[in-house]
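Undergrad: Here this note's numbering runs 151 ahead of the position in the sequence shown, where the first position is 1.
Beta carbons are placed, not taken as given, at the ideal position from N, Cα and C, and that holds for glycine.
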Amino acid sequence: MKQYALTTDAYNYFVLLKKNTEQLGSIFDAQPSELTGNIHCLTNPAEPVIGFVTAGSVTQQRIFIDNANLPAWQADLPFKGCSADTLVYIYTIPKSVPPQLIYQVREFIYTDVMIPIDYVDAFYPNNGYTAAFPYCVDCTLRGTNKQPSFWK
């Protein structure tokens, strides 16, 4: 978070400038007034000059906001439907099965449809893999491996 500080005179000048340029047009708005800043014409002091020179300071602080301090809202995350029961168990196929079915299972595992997570070594023929959709288990889809600049 960055906070910029202005002097009282600078603040009043910019408030008046905003009122003269943005809040005009209806009969209820304030009438335009003359802007007097701290800049003056050296050759003709009676000539009106618009402008204000100021210097301010910047204060920077890193803040952390707790979720409890925010209004209630529901994040629409791509993995919100993922849970332990979304895992799929894929059985290994014995060699006696027609090759077409073996290719279908391999395509299911080796494409982006599902990602194998773990090999389950049960009693044959119940060996297989647990698999899940990429958005449930692949953190590289939503994240990055680059360290933020503010981590020290």
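Hey, could you find the ends of the beta strand (DSSP E) Lys153 is sitting in?
TA: Counting along the chain, the beta strand (DSSP E) containing Lys153 begins and ends at Lys153 to Tyr155.
Undergrad: Quick test of the definition: if touching needs 3 or more C-beta pairs under 8 Å, does the stretch 155 to 166 touch the stretch 206 to 214?
TA: Flag = yes, the stretch 155 to 166 and the stretch 206 to 214 touch.
Undergrad: How would you label Ala282, buried or exposed, when you count the other beta carbons within 10 angstroms and need 16 or more for buried?
TA: That one is buried.
Undergrad: What residue range is occupied by the uninterrupted alpha helix (DSSP H) comprising Val166?
TA: Run containing Val166: Thr159 to Glu173, per the alpha helix (DSSP H) assignment.
Undergrad: Cα-Cα, which of Glu185, Val271 and Ile266 is closest to Thr291?
TA: Comparing Cα positions, the closest option is Ile266.
Undergrad: Please confirm if the stretch 216 to 224 is in contact with the stretch 195 to 203, defined as three or more CB-CB distances below 8 Å between the two stretches.
TA: Not touching, per the Cβ criterion.
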